[in-house]
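Everything below concerns the one structure shown next.
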Amino acid sequence: EVQLLESGGGLVQPGGSLRLSCAASGFTFSNYAMTWVRQTPGKGLEWVSSISGSGATPYYADSVKGRFTISRDNSKNTLYLQMNSLRTDDTAVYYCAKAFALGCSGGTCRPDYWGQGTLVTVSS
Amino acid sequence: QTVVTQESSFSVSPGGTVTLTCGLSSGSVSTSYSPSWYQQTPGQAPRTLIYSTNTRSSGVPDRFSGSILGNKAALTITGAQADDESDYYCVLYMGSGILVFGGGTKLTVL
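Which chain is which? The protein sequence lines are A and B, in order. Take the first sequence: its position 69, counting from 1, is numbered 209 in the working numbering, and each next residue is one higher. Take the second sequence: its position 83, counting from 1, is numbered 187 in the working numbering, and each next residue is one higher.
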């Protein structure tokens with residue numbers, strides 16, 4: 141059974157940093173790209189970032205490019221999202237998701253299985 | 105910037121059929137956008153229903169189906185049930201690894 145467990149969320153001041161983690165189990169982690177999606181409370185879903193199975197190829201939404209860094213440690217079956225220069229509009233529940241394939245061509249980085257999410261609140 | 109459009113809300117009677125759509129602010133949706141559909145109930149993580157236009161995810165009942173209708177992707181629910189009352193989101197692949205979600209449709213079954 142695929143399981144994804146996010147952690148690292150919390151309250152941070154504007155301009156601060158936070159690192160999210162996503163521990164994966166139930167599948168061969170290195171064989172799949174992974175994706176972060178966020179959801180502002182009461183609003184819709186927003187794709188944030190994806191990374192190929194090898195970790196060599198990251199992709200970012202324009203809204204986070206230059207501030208967020210996605211990475212993975214295949215030896216630990218863990219996905220990360222380093223978030224710097226946080227803004228109030230980054231406040232959201234952040235979901236980790238397993239993608240459909242090793243890479244992201246043809247849209248295969250879209251979410252297949254989802255974690256339960258971790259809440260990030262950016263506020264002074 | 106391309107916007108993915110969805111109806112903000114829809115209602116269907118129990119046992120009825122409803123089609124939700126997913127379009128583009130400019131242009132037509134085709135299979136090359138690899139549309140996918142997700143269902144989300146309040147307080148829960150999304151659940152994958154349909155991927156690659158019309159492939160049902162594991163465990164999804166066959167009353168959920170995906171297609172291209174005209175210039176939009178479509179999710180059709182046949183024989184709607186009370187527990188289908190949820191938010192439904194589509195996502196489109198824009199190329200270069202970029203995904204864009206629609207704003208979601210709130211479906212009411214009454």
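Think of the CB as a built atom: it goes at the ideal place given N, C-alpha and C, for glycine as much as any other residue.
- Message: Within 10 Å of its beta-carbon, does G127 (chain B) have 16 or more other beta-carbons around it, so buried, or fewer, so exposed?
- Response: By the neighbour-count rule (16 or more Cβ atoms within 10 Å), G127 (chain B) is buried.
So with Cβ pairs under 8 Å, would you call D230 (chain A) a contact of chain B? Closer than 8 Å: no.
Review point. What three-state label does DSSP hand T170 (chain A) in the structure shown?
Key: Reading off the sequence, residue 170 (chain A) comes out as Ser, not Thr. When secondary structure is reduced to three states using DSSP, S170 (chain A) falls in the helix class.
request  = Look at the alpha carbon of K183 (chain A) and the alpha carbon of E146 (chain A), and state the distance between them as a whole number of angstroms.
outcome  = For K183 (chain A) and E146 (chain A), the distance between alpha carbons rounds to 20 Å.
- Just the chain B side, please: which residues come within less than 8 Å of F169 (chain A) by C-beta, in chain order? Near F169 (chain A) there are no residues of chain B at all, since even the closest Cβ is about 18 Å away, more than 8 Å.
Going by beta carbon distance, what residues of the same chain come within less than 7 Å of G155 (chain A), once the five residues before and after it are set aside? S225 and L226.
Query raised in the report: Which residues share a DSSP beta bridge with C236 (chain A)?
Result: Under DSSP, C236 (chain A) forms a beta bridge with A:W176.
Using beta-carbon positions only, say whether F240 (chain A) and Y193 (chain B) come within less than 8 Å of one another. No, they are not a contact pair.
Q: Could you name the residues of chain A that I202 (chain B) contacts, counting a contact when the two beta carbons are closer than 7 Å?
A: Here the neighbours are Y199.
Q.
With distance defined between alpha-carbon atoms, name the residue in A:E141, A:G148, A:S264 and A:P181 nearest to M223 (chain A).
A. It is A:G148 whose Cα lies nearest to the Cα of M223 (chain A).
Contact between the segment 143 to 159 of chain B and the segment 196 to 207 of chain B (3+ Cβ pairs under 8 Å): At 8 Å Cβ cutoff, the stretches do not touch.
* Where the beta strand (DSSP E) containing S198 (chain A) begins and where it ends -> At residue 198 (chain A) the sequence reads Pro, which differs from the Ser that was named. Per DSSP, P198 (chain A) belongs to the beta strand (DSSP E) from P198 to Y200.
Which chain B residues are close to V162 (chain A), counting only those with a beta carbon under 9 Å from its beta carbon? Note that residue 162 (chain A) corresponds to Cys in the displayed sequence, not to Val. In chain order: nothing, as chain B lies at least about 12 Å away.
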